[in-house]
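Per this note's numbering, the very first residue in the sequence shown carries number 1221; after that it's consecutive. Here a beta-carbon is modelled for each residue, glycine too, at the ideal position from N, C-alpha and C. Working notes, beginning with the structure itself.
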Amino acid sequence: MCIAIVGNTITCVIVYRKTVMRTAKNLLLTNIALSDIVLSCTVMPFLIFKTVFPERLVDLRLCVSISMIKDVLVAVSTFTLMIISADRFLIVVHKKDRLTVPVSKLCITGTWAVAILFTMVQLESNSREAILHDLLFCYQHAPSSRIAVIYTVTFVTLTFIIPLAVMFYLFATILRTVQLICKKVHIHTGSNLNIAVTQYSSKIGLPPVATRYTFMGDFEAKRRAFGTIFLLFITLFICWVSYMSERIFRNTGSNEHTSGDLIVELIFISIGFMKSALYPVIFCARNRRFRSACGRIFTIKLCLFTKCVVLKSRRIRPRNLYVCPESVGHL
1221 MCIAIVGNTI
1231 TCVIVYRKTV
1241 MRTAKNLLLT
1251 NIALSDIVLS
1261 CTVMPFLIFK
1271 TVFPERLVDL
1281 RLCVSISMIK
1291 DVLVAVSTFT
1301 LMIISADRFL
1311 IVVHKKDRLT
1321 VPVSKLCITG
1331 TWAVAILFTM
1341 VQLESNSREA
1351 ILHDLLFCYQ
1361 HAPSSRIAVI
1371 YTVTFVTLTF
1381 IIPLAVMFYL
1391 FATILRTVQL
1401 ICKKVHIHTG
1411 SNLNIAVTQY
1421 SSKIGLPPVA
1431 TRYTFMGDFE
1441 AKRRAFGTIF
1451 LLFITLFICW
1461 VSYMSERIFR
1471 NTGSNEHTSG
1481 DLIVELIFIS
1491 IGFMKSALYP
1501 VIFCARNRRF
1511 RSACGRIFTI
1521 KLCLFTKCVV
1531 LKSRRIRPRN
1541 LYVCPESVGH
1551 L
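In structure tokens form, the structure reads like this:
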């Protein structure tokens, strides 16, 4: 929990303070970091409380509120990552860069609105008629209704399964396109092209000049950016797929809820919360600007703690501005 809060807070601070980092993609990544911060500050403490005191009764309204907050934040993170994946798809496959800062802000607003709209149904949760909220936080001994089963399956499908399927298709298409491009580049870079000195060199008997074909393209930066988003997708899938699957089975299965089932559910949701702690580590490992900004922040904090003096080096020495070159002196 502490790693998730500190790491995602540093991510938001870096993007907010550095003008260079305020790109459209970084704003979307900041939206994911913000959702992870709220998830770590609100849902994790309540889950720890229920783990320590499992028999303590909690008000139904609090259970519904915590369940709604958790579902909204997970849905926002999934939707935002799907938007970033779609942007990578347009750039690599269709050579179109449509994501700008205003568009990213509009997408962020849309993800929060759609996620809140999907979870508003849980406000109708009733312990006697239908339990629509997540049963892990406050388990109520009530019969499983058809409405609750339909809502759970629909919600998980719309907010998790379909976005993951869309992202899988986008990444598969991107990988296929990158593979074809790399084959073309490899074929060209591995062969020598005979380029004539003049247009009529073959007619006048001049030998052709052999030179290597060089392809100008920043494939390394694009490859690392795509690799970062793909790692985020894999992390999201591994961390949350077990809990989402268990949630569907829990609502569609029997009504018996034993202590062993509770332990399994706590393990699955703890694995899901690990995503919030792993994302800042991936950002720091894959982004050079993020690493340098983190280094500056920790250096400043360490110097403030130890009261050391930081000397800023000048880019240009003032005495060099008044040095007269020898050629000018001879004139």
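So does residue 1237 have its beta carbon nearer than 7 Å to some heavy atom of the ligand GTP?
The model depicted lacks the ligand GTP and carries no ligand whatsoever.
With DSSP as the reference, label residue 1276 as helix, strand or coil.
Translated into positions along the sequence shown, residue 1276 becomes position 56. Three-state result, residue 1276: coil.
The alpha helix (DSSP H) that contains residue 1228, what's its start and end?
As a first step, residue 1228 is located in the sequence shown; it is residue number 8 there, counting from the start. Segment 1222 to 1237, the alpha helix (DSSP H) holding residue 1228.
When the Cα of residue 1327 is compared with those of 1458, 1244, 1493, 1469, which residue comes out closest?
Along the sequence shown, read from residue 1 onward, the residue named residue 1327 stands at position 107. For the residues 1458, 1244, 1493, 1469, the minimum Cα distance to residue 1327 belongs to 1244.
Please work out which residues of its chain come closer than 7 Å, Cβ to Cβ, to residue 1436, disregarding the five sequence neighbours upstream and downstream, and give them in chain order.
As a working mapping, residue 1436 is identified with position 216 in the sequence shown. Because the pLDDT of residue 1436 is 40, which lies under 50, any placement of that residue in the model is unreliable, and the question is left without a value.
Have a look at residue 1452 and residue 1401 and give me their C-alpha separation to the nearest angstrom.
Working through the sequence shown from its first residue, we reach residue 1452 at position 232. Working through the sequence shown from its first residue, we reach residue 1401 at position 181. The straight-line gap from Cα to Cα measures roughly 24 Å.
Restricting to Cα atoms, I'd like to know which of 1461, 1249, 1450, 1458 is closest to residue 1321.
Here residue 1321 corresponds to residue number 101 of the sequence shown, with the count starting at 1. Residue 1321 has its Cα closest to that of 1249, out of 1461, 1249, 1450, 1458.
Would the segment 1269 to 1288 and the segment 1254 to 1261 be scored as touching if the rule is three or more Cβ pairs under 8 Å?
Because the criterion of three Cβ pairs below 8 Å is not met, the segment 1269 to 1288 and the segment 1254 to 1261 do not touch.
For residue 1386, tell me which candidate among 1316, 1307, 1371, 1325 has the shortest Cα-Cα distance.
Sequence index remark: in the sequence shown, residue 1386 carries index 166 (1-based). Per the Cα distances, 1307.
How big is the Cα-Cα spacing for residue 1508 and residue 1230?
Translated into positions along the sequence shown, residue 1508 becomes position 288. Translated into positions along the sequence shown, residue 1230 becomes position 10. Between residue 1508 and residue 1230, the C-alpha separation is close to 15 Å.
Alpha helix (DSSP H) containing residue 1316: first to last residue?
In the sequence shown, the residue the question calls residue 1316 occupies position 96. It is not in any alpha helix (DSSP H) - residue 1316 carries neither H nor E in the DSSP assignment.
Between the alpha carbons of residue 1456 and residue 1234, how many angstroms are there, rounded?
As a working note, residue 1456 is residue 236 in the sequence shown. As a working note, residue 1234 is residue 14 in the sequence shown. Straight-line Cα distance between these residues: approximately 23 Å.
Use the C-beta contact count for residue 1299: other C-beta atoms within 10 angstroms, 16 or more gives buried, fewer gives exposed.
If you number the sequence shown from 1, residue 1299 lands on position 79. Buried: at least 16 other Cβ atoms inside 10 Å.
Please report how far the alpha carbon of residue 1462 lies from the alpha carbon of residue 1469, in whole angstroms.
On the sequence shown, position 242 is the one that residue 1462 refers to. On the sequence shown, position 249 is the one that residue 1469 refers to. The alpha-carbon atoms of residue 1462 and residue 1469 are separated by roughly 11 Å.
Would you call the CB atoms of residue 1292 and residue 1252 closer than 8 Å?
Counting from one through the sequence shown, the residue named residue 1292 turns up at place 72. Counting from one through the sequence shown, the residue named residue 1252 turns up at place 32. Not a contact, by the Cβ cut-off of 8 Å.
Taking C-beta to C-beta, are residue 1380 and residue 1305 nearer than 8 Å?
Within the sequence shown, residue 1380 is the residue found at index 160, counting from 1. Within the sequence shown, residue 1305 is the residue found at index 85, counting from 1. Not closer than 8 Å, so no.
Please report the distance separating the alpha-carbon of residue 1272 from that of residue 1313.
Start at 1 with the first residue of the sequence shown, and residue 1272 comes out as number 52. Start at 1 with the first residue of the sequence shown, and residue 1313 comes out as number 93. Taking the straight line joining both Cα atoms gives about 50 Å.
By a C-beta neighbour count over all protein chains shown, 10 Å radius and 16 as the cutoff for buried, is residue 1330 buried or exposed?
Reading the sequence shown from its first residue, position 110 is the one you call residue 1330. Exposed.
Quick one: what does DSSP say residue 1387 is sitting in, helix, strand or coil?
Against the sequence shown, residue 1387 aligns to sequence position 167. If DSSP states are grouped into helix, strand and coil, residue 1387 belongs with the helices.
Can you tell me whether DSSP reads residue 1297 as helix, strand or coil?
Against the sequence shown, residue 1297 aligns to sequence position 77. Looking at residue 1297 - three-state DSSP - the assignment turns out to be helix.
For residue 1325 and residue 1319, I'd like the C-alpha separation in whole angstroms.
The count along the sequence shown starts at 1 and reaches residue 1325 at position 105. The count along the sequence shown starts at 1 and reaches residue 1319 at position 99. Approximately 10 Å, taken between the alpha carbons.
Hey, quick one: how far does the alpha helix (DSSP H) through residue 1367 stretch, first residue to last?
Here residue 1367 is taken as the residue at index 147 of the sequence shown, counted from 1. Looking at the DSSP string, the run of the alpha helix (DSSP H) that includes residue 1367 is 1366 to 1376.
Taking only the alpha-carbon atoms, compute the straight-line gap between residue 1502 and residue 1367 and give it to the nearest angstrom.
On the sequence shown, residue 1502 is found 282 positions in, with the first residue counted as 1. On the sequence shown, residue 1367 is found 147 positions in, with the first residue counted as 1. Cα to Cα, the separation comes out at about 39 Å.
Enumerate in chain order the residues of its own chain whose CB-to-CB distance from residue 1246 is below 8 Å, with the five nearest sequence positions on each side excluded.
Position 26 of the sequence shown, counted from the start, is the residue given in the question as residue 1246. Cβ within range, chain order: 1235.
Can you give the beta carbon distance from residue 1472 to residue 1369, rounded, assuming they're within the 8 Å contact cut?
Stepping through the sequence shown from its first residue, residue 1472 is reached at position 252. Stepping through the sequence shown from its first residue, residue 1369 is reached at position 149. Indeed they touch by this definition, with Cβ atoms about 5 Å apart.
Residue 1464: buried (16+ other C-beta within 10 angstroms of its C-beta) or exposed?
In the sequence shown, counting from the first residue as 1, residue 1464 sits at position 244. Its Cβ being crowded by 16 or more others within 10 Å, residue 1464 is buried.
Looking only at its chain, what residues have a beta carbon closer than 7 Å to the beta carbon of residue 1486, apart from the 5 residues adjacent to it on each side?
Here residue 1486 refers to the residue found at position 266 when the sequence shown is read from its first residue. Only 1271 meet the Cβ criterion.
How long is the line joining the alpha carbons of residue 1260 and residue 1460, rounded to whole angstroms?
As a first step, residue 1260 is located in the sequence shown; it is residue number 40 there, counting from the start. As a first step, residue 1460 is located in the sequence shown; it is residue number 240 there, counting from the start. C-alpha separation (whole angstroms): 15 Å.
Just the C-alpha distance for residue 1398 and residue 1450, rounded to the nearest angstrom, thanks.
As a first step, residue 1398 is located in the sequence shown; it is residue number 178 there, counting from the start. As a first step, residue 1450 is located in the sequence shown; it is residue number 230 there, counting from the start. Going from the Cα of residue 1398 to the Cα of residue 1450 covers about 13 Å.
Measure the C-alpha to C-alpha separation of residue 1262 and residue 1497 and round it to an integer number of angstroms.
Indexing the sequence shown from 1 puts residue 1262 at position 42. Indexing the sequence shown from 1 puts residue 1497 at position 277. Computed Cα separation, rounded: 15 Å.
Nearest to residue 1466 by alpha carbon, out of 1488, 1458, 1446?
Reading the sequence shown from its first residue, position 246 is the one you call residue 1466. Ranking the options by Cα distance to residue 1466, first place goes to 1488.
Given a cut-off of 8 Å on the beta-carbon distance, is the pair residue 1309 and residue 1382 in contact?
The count along the sequence shown starts at 1 and reaches residue 1309 at position 89. The count along the sequence shown starts at 1 and reaches residue 1382 at position 162. Their beta carbons are not under 8 Å apart, which means residue 1309 does not touch residue 1382 by this criterion.
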